[in-house]
Structure formats: structure tokens, C-alpha cells
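For what it's worth, the numbering used here labels the leading residue of the sequence shown as 184, then goes sequentially. Cβ coordinates follow ideal geometry from the N, Cα and C atoms, glycine included. One structure is given below, encoded as C-alpha cells.
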Amino acid sequence: MACKLNIYLIGLSGTGKTRSGQLAAELLGWPFVEMDGVIEDRAGKTIPNIFKDNGEEYFRDLESQILEEVAKRGGRIVSTGGGVPIRSQNRETMNSTGLVIRLTASAQTIHERLAALLETTRS
Numbered sequence: 184m185a186c187k188l189n190i191y192l193i194g195l196s197g198t199g200k201t202r203s204g205q206l207a208a209e210l211l212g213w214p215f216v217e218m219d220g221v222i223e224d225r226a227g228k229t230i231p232n233i234f235k236d237n238g239e240e241y242f243r244d245l246e247s248q249i250l251e252e253v254a255k256r257g258g259r260i261v262s263t264g265g266g267v268p269i270r271s272q273n274r275e276t277m278n279s280t281g282l283v284i285r286l287t288a289s290a291q292t293i294h295e296r297l298a299a300l301l302e303t304t305r306s
């Protein structure tokens, strides 16, 4: 029988949501959903360009819509965008359809990870 609950990973950018989610999905044999990637695929542009072209409210609406879609399916490991918990409706959705795990890291670790990510995107 398939699990009806999801595992939602929340936290700031650079705390390891994507990598931890990939590992957990592999261990559990569950599908992995990286919400930022789904948003970019749906919009046909990068998140910075969504913000630039359409504004934050549009982005947050799209983020909430995709979260609702993901929540309807169970048994997934979901790496959320760092801002997903900003909206109370998103917190309610996650709490009612799964287990929410907040990942943390030191400021230095986050800085190092984001700096490394910035370097790879510039290359």
C-alpha cells in the first residue's frame, strides 16, 4: 500500500533541502520533487527571471499552486523553496498532508554553499 503522506523539507536556501531530499527519496524509494525546478519548468524561466518579469506575488501564487498539486499525491519527498512557509495556507497544506522537517545550517555554511553555487552558475 502506498503512503499517503509526504515529507516536506523546509529551510533557507543553502541548508541542504535538495541534497537531503534526494538522499531520503533514494533510501525510501519514493519520488523526489524539487519545487523550484517544477516552478521553473512550468514558467519556462528561472526564478530570478520570474521575479524580474512577473513580481514576487505571481511567483508566490505559482509556488502555492504547485504545492497544492504536490500535496494531492502522497509518498513523495518534497524540497520546498525557502519562501514556501511564508504563507499560512502553505503551512496548513504541508501540516495536513505530511511531515514537515526544517533543515538548518550555520550562517557560514549557508554562505559557503551559496557562494559555491554562484560560482558554478557563472562558469
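{"query": "By alpha-carbon positions, which one of G257, R274, G258 and R259 ends up nearest to E246?", "result": "R274"}
{"query": "Who are the near neighbours of L195 in its chain, counting only those whose CB is closer than 7 Å to its CB and skipping five residues on each side?", "result": "G265 and I293"}
{"query": "Ignoring anything shorter than 4 residues, give me the alpha helix (DSSP H) runs that lie fully in the region 262-305, in order along the chain.", "result": "271-280 and 290-305"}
{"query": "Answer yes if the region 256-263 comes into contact with the region 213-222, meaning at least three C-beta pairs across the two stretches below 8 Å, and no otherwise.", "result": "yes"}
{"query": "Three-state secondary structure (DSSP) at L210?", "result": "helix"}
{"query": "If you draw a straight line from the C-alpha of P268 to the C-alpha of T198, how long is it?", "result": "15 Å"}
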